[in-house]
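There are 2 protein chains.
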Amino acid sequence: MEHSASETPPAGAEDPAYALDAQIGFVLRRVTQRHLALFSEAIPEVTTTQFAVLARLAEQGPLSQNLLGREAAMDAATVKGVVDRLARQGLVETARDAADKRLLNVALTAAGRALFLARRDDALAVSARTLDPLTQRERRQILALLARMT
Amino acid sequence: MEHSASETPPAGAEDPAYALDAQIGFVLRRVTQRHLALFSEAIPEVTTTQFAVLARLAEQGPLSQNLLGREAAMDAATVKGVVDRLARQGLVETARDAADKRLLNVALTAAGRALFLARRDDALAVSARTLDPLTQRERRQILALLARMT
DNA sequence: CGCAGAGTGTTTGCACACAAACGATAACCG
DNA sequence: CGGTTATCGTTTGTGTGCAAACACTCTGCG
Chain A
3 MEHSASETPP
13 AGAEDPAYAL
23 DAQIGFVLRR
33 VTQRHLALFS
43 EAIPEVTTTQ
53 FAVLARLAEQ
63 GPLSQNLLGR
73 EAAMDAATVK
83 GVVDRLARQG
93 LVETARDAAD
103 KRLLNVALTA
113 AGRALFLARR
123 DDALAVSART
133 LDPLTQRERR
143 QILALLARMT
Chain B
3 MEHSASETPP
13 AGAEDPAYAL
23 DAQIGFVLRR
33 VTQRHLALFS
43 EAIPEVTTTQ
53 FAVLARLAEQ
63 GPLSQNLLGR
73 EAAMDAATVK
83 GVVDRLARQG
93 LVETARDAAD
103 KRLLNVALTA
113 AGRALFLARR
123 DDALAVSART
133 LDPLTQRERR
143 QILALLARMT
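If you're matching them up, the sequences are chains A and B in order. Note that the working numbering has the first sequence beginning at 3, numbered continuously upward. Note that the working numbering has the second sequence beginning at 3, numbered continuously upward.
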């Protein structure tokens, strides 16, 4: 009972046959919006991207800016901006590498490490709240499915 | 058996206990990055957000800029920028509402409608390619799960 | 009627995100 | 050794995204 003329778009409209709300990109954008809102409410000091950089540095120790970008899934121009803003807040510091003068090493400061450790559990709670509408089983499912889509 | 020293982070590093790659926000960002890349490769004329606006206007007919923003999940400032850029390309046109002078009505132009119809199938193909790593069943699953997370 | 409050659009400021072009440095290779 | 190529960081330009402040218009209520 669906074949074609089933939707009857409201006056002046066209085209069914493209369900925006069912497109993966649109849904991803909306879920991301909700997640960013939850994060900035819980952790106002830094953004999600900035926290990702802090996490990578805490996990792996000092990294060159370029490598840090790859580890945190940001291109060179983006990671530069993120590092600049974190440095302005005194959370990371940068220094030219002695051996390879192209490299700019980025490291956590004491304040950066302290903020990360103080906020780590809150960040985990934000992840949990983002997944709140789902059951435990569904949470594992969606993380596994998304991980395969990269 | 987990208590503390289990991960042995590489030299100079700290803190296990926060797996960035398993955080929903980080994974969402990476999946979104891949989707945006696929989209801009397939449809260079407009961005995903711009296409979403075209789709909503095609679906629902002319809308006030503010309502259009709500329908396309963009706040007032964002949708203004998107509409401005689409208008500059001649894909939409705007006009003050006669009855309510607060409203700025936004409508597809002939060129905008033509572009949308010409690219609709390509946009659907991009959605499919984004979901490529998943089986048909998994595609339905992830769309359903994401839809519940808004 | 008249005014308070709500809705709409605009602007500014900040923060990603990517493409492209550039200069400096390092690595490779004949 | 010396030149080509690759890597790294920087800058610029464009396009989302959101918050906050503002002006204008409309609605509702006394």
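We put the beta carbon where it would ideally sit given N, CA and C, even for glycine.
{"Asked": "Residue burial classification, PRO46 of chain B (beta-carbon count within 10 angstroms, cutoff 16)", "Found": "exposed"}
{"Asked": "DSSP state of ARG72 of chain A mapped onto helix, strand, coil", "Found": "helix"}
{"Asked": "CB contact below 8 Å: ARG98 of chain B versus chain A", "Found": "no"}
{"Asked": "Cβ separation of VAL33 of chain A and THR96 of chain B, assumed to be a contact under 8 Å, to the nearest whole Å", "Found": "Not quite, the Cβ-Cβ distance comes to about 30 Å (not below 8 Å), so this is no contact."}
{"Asked": "Span of the beta strand (DSSP E) around GLU95 of chain A", "Found": "94 to 98"}
{"Asked": "Simplified DSSP state of LEU105 of chain B, which is helix, strand or coil", "Found": "coil"}
{"Asked": "Helix, strand or coil at HIS5 of chain A [DSSP, three-state]", "Found": "Caution is warranted here: a pLDDT of 44 is assigned to HIS5 of chain A, below 50, making its placement in the model unreliable, and no coordinate value can be reported."}
{"Asked": "Local conformation of LEU136 of chain A per DSSP, three classes", "Found": "coil"}
{"Asked": "Short Cβ contact (8 Å threshold) for ALA109 of chain A with PHE53 of chain A", "Found": "no"}
{"Asked": "6 Å CB neighbourhood of THR51 of chain B in its chain, flanking five on each side removed", "Found": "VAL84"}
{"Asked": "Selection of the stretch 115 to 132 of chain B by Cβ proximity to chain A, strictly under 8 Å", "Found": "ARG115, PHE118, LEU119, ARG122, ALA125, LEU126, VAL128, SER129 and THR132"}
{"Asked": "Chain B within 8 Å of ARG139 of chain A, Cβ atoms only", "Found": "no"}
{"Asked": "Cβ neighbour criterion (16 or more within 10 Å) applied to HIS5 of chain B", "Found": "Low per-residue confidence applies at HIS5 of chain B: pLDDT is 44, beneath 50, and the placement is therefore not dependable enough to give any value."}
{"Asked": "Same chain only: Cβ atoms within 6 Å of HIS37 of chain A, ignoring 5 sequence neighbours per side", "Found": "THR132"}
{"Asked": "Classification of GLY114 of chain A by the beta-carbon crowding that lies within 10 angstroms, buried from 16 upward", "Found": "buried"}
{"Asked": "Closest residue to ALA149 of chain B among A:LEU22, A:SER42, A:VAL29 and A:ALA19 (Cα-Cα distance)", "Found": "A:VAL29"}
{"Asked": "Host alpha helix (DSSP H) of THR51 of chain B (start-end)", "Found": "50 to 62"}
{"Asked": "C-beta neighbour in chain A for LEU106 of chain B, strict 8 Å", "Found": "no"}
{"Asked": "Bridge partner(s) assigned by DSSP for LEU110 of chain B", "Found": "B:VAL94"}
{"Asked": "VAL81 of chain A vs GLY71 of chain A beta-carbon contact at 8 Å", "Found": "yes"}
{"Asked": "Closest residue to LEU56 of chain A among A:ALA75, A:PHE118, A:ALA78 and A:PHE41 (Cα-Cα distance)", "Found": "A:PHE118"}
{"Asked": "Buried or exposed by the 16-neighbour rule on C-beta atoms within 10 Å, applied to GLU43 of chain B", "Found": "exposed"}
{"Asked": "Enclosing alpha helix (DSSP H) for GLN35 of chain A [first to last residue]", "Found": "26 to 44"}
{"Asked": "Reduced DSSP secondary structure (H/G/I, E/B, other) of ARG142 of chain B", "Found": "helix"}
{"Asked": "SER129 of chain B beta carbon less than 8 Å from that of ASP99 of chain B", "Found": "no"}
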